[in-house]
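Just so you know, our numbering puts the end of the first sequence at 391, numbered straight through with nothing missing. One structure below.
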Amino acid sequence: MSEFSDKIINWYHLFKRDLPWRQTRNPFHIWLSEIILQQTRVNQGLDYFLAFTHRFSTIEDLALASENEVLRLWQGLGYYSRARFLHEGARQIIANYDGKFPEEYDKILTIKGIGEYTAAAIASICFDLPCPVLDGNVYRVMARYRRIPDKVNSTKGKKKIYTCLHALIDPRQPGNFNQALMELGAMVCTPRNPQCMDCPLHDSCEAFLAGETGEYPVKTIKKVPQNRYFQYIIPLEYLAPDFYTILYKRSLGDIWARLFEFPLIETEKELSRDEITQHPVFLNWFGQDKTRLLYFSHRIKHQLTHRTLYTRFYIIISANSLSNMPKHGFIRVKMNELTHYPFPRLIESFLSNPHIINILSDLSNFTGASGSGKKQE
DNA sequence: TATTCGTGGAA
DNA sequence: TTTCCAAGAAT
């Protein structure tokens with residue numbers, strides 16, 4: 015069609031990466047790959063794509079799984095609402111589309127977790143519909159190509175770029191056109207140090223010709239992350255023949271929604287060990303007499319996009335842990351069944367620390383008879 | 001429209 | 001060590 019699309023599609027055929035989702039037009043697999051790749055690099059998402067396709071052959075398999083299992087498979091990838099919406103979307107397709115992925119853009123858009131970008135990607139790649147995608151890559155490429163001064167994600171900038179793309183997209187191979195533009199953005203027209211000499215568009219790119227690739231795309235100023243202070247209490251209780259602990263499923267409307275964590279005391283500022291073990295919430299949950307502090311961690315910094323978390327973990331031996339806990343939300347689980355539950359990376363990393371594994375695997379002193387505990391900084 | 005939702009790799 | 005930011009969507 016246009017010279018523009020010929021250039022990028024030829025480049026794409028020569029230099030595209032060989033990725034598993036590029037060997038299929040199965041809507042389930044394309045859908046999955048697009049959700050995984052939202053705000054996520056290929057290298058980070060690859061293993062998750064393979065794990066999901068290995069576990070779930072069809073949309074129905076996914077729909078029949080539990081939310082816990084889906085979140086556990088997603089564990090560590092971040093932005094967990096993607097996993098919840100993927101799961102919900104699968105159930106939606108079973109209920110509303112008889113298990114068959116819809117083949118029209120407007121219907122695809124009705125699926126939970128699928129927005130303008132993902133709907134266009136699936137429509138073009140799977141069903142040859144001439145829907146241009148507009149993601150971060152495409153915005154960057156086009157903002158440079160046409161020196162678009164509007165901020166990323168501004169309505170005005172998006173409108174300009176969509177107008178361009180509708181004129182440029184190759185209706186015979188819209189999927190290749192879209193993927194070529196995104197791959198170019200990911201591999202050549204990168205945010206920092208774009209490789210303009212390798213770019214098939216450099217002889218007509220306005221920003222390159224003006225020596226201003228660094229000025230585009232125009233970005234918005236971002237807010238500084240706010241601090242939060244977490245103290246996790248890991249209670250251990252021996253109920254022959256197993257050790258148990260307490261978990262809490264996080265609720266919607268905050269970070270890590272629907273993931274599990276240990277009983278949490280969140281405070282306005284960082285508290286010392288004594289302030290925690292004397293904290294009203296701690297005393298209310300575990301009492302004063304029947305607990306023994308086995309270990310408390312140093313301060314662990316965990317950086318999220320909009321929050322900086324400062325966390326300490328406290329491992330305690332506590333008789334009758336669950337009896338004083340609030341009835342709602344807390345569950346008692348066997349220590350050796352923690353792998354059934356999805357945890358945020360912060361907690362998963364703590365639990366997989368060799369020193370912590372040692373402590374948790376050597377609890378024989380605490381099987382009911384009085385033993386001697388150790389604690390350390 | 002602005003904000004919020006993770007994580008890890010690179011500079 | 002800090003900052004940036006990567007195939008967005010929901011609210």
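Each residue gets a CB set at the ideal place from its N, CA and C atoms; glycine is no exception.
Beta-carbon proximity of residue i to residue j, cut-off 7 Å
| i | j | result |
| --- | --- | --- |
| Leu352 | Ile330 | no |
| Ile22 | Leu148 | no |
| Ser47 | Phe70 | no |
| Gly129 | Gly103 | no |
| Arg158 | Thr227 | yes |
| Thr234 | Lys283 | no |
| Ala133 | Ile108 | no |
| Gln415 | Ile279 | Past the edges of the chain, shown from 15 to 391, lies residue 415, and the structure says nothing about it. |
| Ile122 | Ala137 | yes |
| Ser19 | Leu215 | no |
| Cys145 | Tyr111 | no |
| His101 | Val84 | yes |
| Phe300 | Ser337 | no |
Pairwise C-alpha distance: residue j and residue i
| i | j | result |
| --- | --- | --- |
| Tyr26 | Cys213 | 11 Å |
| Pro249 | Tyr328 | 8 Å |
| Ile371 | Thr259 | 15 Å |
| Arg86 | Ile175 | 38 Å |
| Phe380 | Lys304 | 12 Å |
| Pro34 | Thr72 | 16 Å |
| Leu261 | Leu365 | 14 Å |
| Gly225 | Leu143 | 36 Å |
| Phe29 | Pro255 | 58 Å |
| Asn151 | Ser375 | 47 Å |
| Pro116 | Thr291 | 55 Å |
| Gly267 | Ser95 | 11 Å |
| Leu223 | Pro208 | 13 Å |
| Pro277 | Ala79 | 27 Å |
| Thr38 | Ile139 | 9 Å |
| Phe296 | Gln58 | 38 Å |
| Lys388 | Ile373 | Because the pLDDT of Lys388 is 37, which lies under 50, any placement of that residue in the model is unreliable, and the question is left without a value. |
| Trp270 | Gly90 | 11 Å |
| Asn24 | Trp45 | 25 Å |
| Pro340 | Gln53 | 37 Å |
| Lys237 | Thr319 | 10 Å |
| Glu17 | Arg186 | 14 Å |
| Tyr201 | Asp217 | According to the sequence as given, residue 201 is Met; it is not Tyr. Rounded to the nearest angstrom, the two C-alpha atoms are 18 Å apart. |
| His312 | Pro239 | 22 Å |
| Pro41 | Trp88 | 20 Å |
| Ile314 | Pro294 | 23 Å |
Given residue i as reference, the closest of the options once Cα atoms are compared
| i | options | result |
| --- | --- | --- |
| Leu360 | Met201, Thr325 and Tyr252 | Thr325 |
| Arg161 | Cys145, Leu297, Cys178 and Asp149 | Cys178 |
| Pro356 | Glu275, Ile373, Leu377 and Glu289 | Glu275 |
| Asn298 | Arg321, Ala271, Asn334 and Phe310 | Asn334 |
| Asp75 | Gly90, Arg105 and Gly92 | Arg105 |
| Tyr243 | Pro358, Arg321, Ala137 and Ala79 | Arg321 |
| Arg55 | Gly92, Leu78 and Phe66 | Gly92 |
| Met349 | Thr291, Leu253, Tyr309 and Thr132 | Leu253 |
| Ile50 | Ala65, Asn207 and Asn167 | Ala65 |
| Phe344 | Ile373, Ser286 and Leu273 | Leu273 |
| Ser378 | Ala79, Pro188, Phe257 and Leu100 | Phe257 |
| Asp288 | Phe310, Glu280, Trp270 and Ala271 | Phe310 |
| Asp32 | Leu60, Gln53 and Pro41 | Leu60 |
| Thr281 | Lys173, Ser265, Phe141 and Asn241 | Asn241 |
| Arg346 | Pro368, Lys263 and Pro358 | Lys263 |
| Ser265 | Gly189, Cys219, Met211 and His342 | His342 |
| Tyr4 | Ser286, Cys219, Gly189 and Pro294 | Nothing can be reported for residue 4, as the shown portion of the chain is limited to 15 through 391. |
Bridge partners - residue i, DSSP secondary structure assignment
| i | result |
| --- | --- |
| Gln317 | Thr322 |
| Lys263 | Phe274 |
| Lys30 | Answer is none; Lys30 lacks a bridge partner. |
| Val232 | Lys165 |
| Pro249 | Ile330 |
| Phe244 | Glu280 and Thr325 |
Environment of residue i [buried if 16+ CB atoms lie within 10 Å]
| i | result |
| --- | --- |
| Gly199 | buried |
| Gln317 | exposed |
| Asp184 | buried |
| Glu197 | buried |
| Ala221 | buried |
| Val5 | Past the edges of the chain, shown from 15 to 391, lies residue 5, and the structure says nothing about it. |
| Thr169 | exposed |
| Pro231 | buried |
| Glu81 | exposed |
| Asn192 | buried |
| Gly113 | exposed |
| Ser386 | Residue confidence for Ser386 is low, a pLDDT of 39 falling below 50, so the modelled location carries little weight and cannot support an answer. |
| Glu251 | buried |
| Pro358 | buried |
Cβ-heavy atom distance, residue i to the ligand PLP, below 6 Å
| i | result |
| --- | --- |
| Ile371 | Of ligands this structure carries none, so the ligand PLP is not represented either. |
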